[in-house]
Amino acid sequence: MDKTLPLAGRTVAVTRAETQLGAARQLFEQAGASVIDLPALVIGPPDLWGPLDDALAELDQFHWILFSSANGVDAVEQRLVRRGSSLAGRPRGVRLAAVGRKTAEALEALGAPADFVPPAFVADSLIEHFPVSGWGQRLLLPRVQSGGRTVLAEAFAAAGARVVEVAAYETRCPDGLPSGALQALERRGLDAITFSSGKTVDHTARLLAGSFGETWLERLEGVQVVSIGPQTSRRCRERLGRVDEEAGPHDLEGLVEACSRALRARP
């Protein structure tokens with residue numbers, strides 16, 4: 101095996117949001133893989149903008165904004181711009197925390213670099229390594245409308261912080277599988293399938309069931325199931341019955357390496 105192309109000759113299905121497949125495809129192709137795009141999320145606005153807009157109207161009363169995804173960064177920036185402001189131009193006393201490299205990069209691109217990024221790219225690490233005591237802090241937590249974890253809000257509230265948790269965006273299931281993904285699944289041409297969130301697992305299961313009926317899980321027999329992190333792995337076990345490898349670090353680069361490990365022992 102070519103160590104510079106650890107996925108050479110392999111076909112990998114990548115499940116991500118429609119707008120985020122390009123970056124993932126590039127990394128997997130650089131590792132030698134043939135990539136099958138399997139969009140499992142459609143990112144859009146929440147049902148109501150009111151709660152986020154109300155929080156942003158009193159942004160100067162917060163000590164921190166906690167971002168757990170680049171989608172949250174994008175949504176908050178868009179709503180601030182509508183108000184004639186921006187994250188870079190936020191009140192001076194408001195600090196930014198970001199879970200994950202991509203979230204931090206999204207802030208950096210806006211000229212609003214994160215004041216704190218935890219060493220591990222998961223929410224639990226943010227709680228463990230947060231640079232100040234939560235007591236008395238007022239925290240804004242923009243998040244996905246449904247299906248996200250509430251662990252950040254619960255943990256900081258237990259530590260004495262006042263947490264305002266608001267929907268900044270929603271991720272919905274696409275209408276169906278694209279033809280390339282259908283063909284690869286029909287001919288059982290996949291070596292691995294990667295998941296980047298619990299929702300990508302749920303939606304992929306729904307899409308497969310819609311295309312293949314009650315026997316949809318059989319389409320993944322012999323396909324290595326690779327997860328980006330512990331919560332996604334948990335959902336893989338719940339919906340798919342297994343996870344073969346988990347990324348570490350919990351980002352796209354880690355996902356590529358985890359996929360390589362999962363397939364290394366397979367001829």
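Just remember that the numbering used here sits 100 ahead of the position in the sequence shown, which is counted from 1.
The C-beta atom is built at its ideal place from N, Cα and C for all residues, glycine as well.
DSSP-derived helix/strand/coil call for residue i
i    : result
G200 : coil
R125 : helix
F162 : coil
T104 : coil
G346 : Checking the sequence, you will find Glu at residue 346 rather than Gly. Three-state result, E346: strand.
V194 : coil
S360 : helix
V326 : strand
CB contact below 9 Å: residue i versus chain B
i    : result
I143 : Here chain B cannot be found, since the structure has a single protein chain.
Which residues DSSP lists as bridging residue i, in chain order
i    : result
D137 : V114
G144 : E270
Residue range of the unbroken beta strand (DSSP E) whose run includes residue i
i    : result
Q331 : Unbroken run through Q331 is the alpha helix (DSSP H), 330–340; no beta strand (DSSP E).
Limits of the unbroken alpha helix (DSSP H) element including residue i
i    : result
T304 : 298–312
Q178 : 170–182
A188 : A188 -> no alpha helix (DSSP H), and no H or E assigned at all.
L152 : 150–157
Beta-carbon separation (whole angstroms), residue i vs residue j, contact threshold 8 Å
i    : j    : result
S327 : A347 : 7 Å
Continuous alpha helix (DSSP H) assignments of at least 4 residues falling wholly in the segment 226–294: 251–258, 279–286
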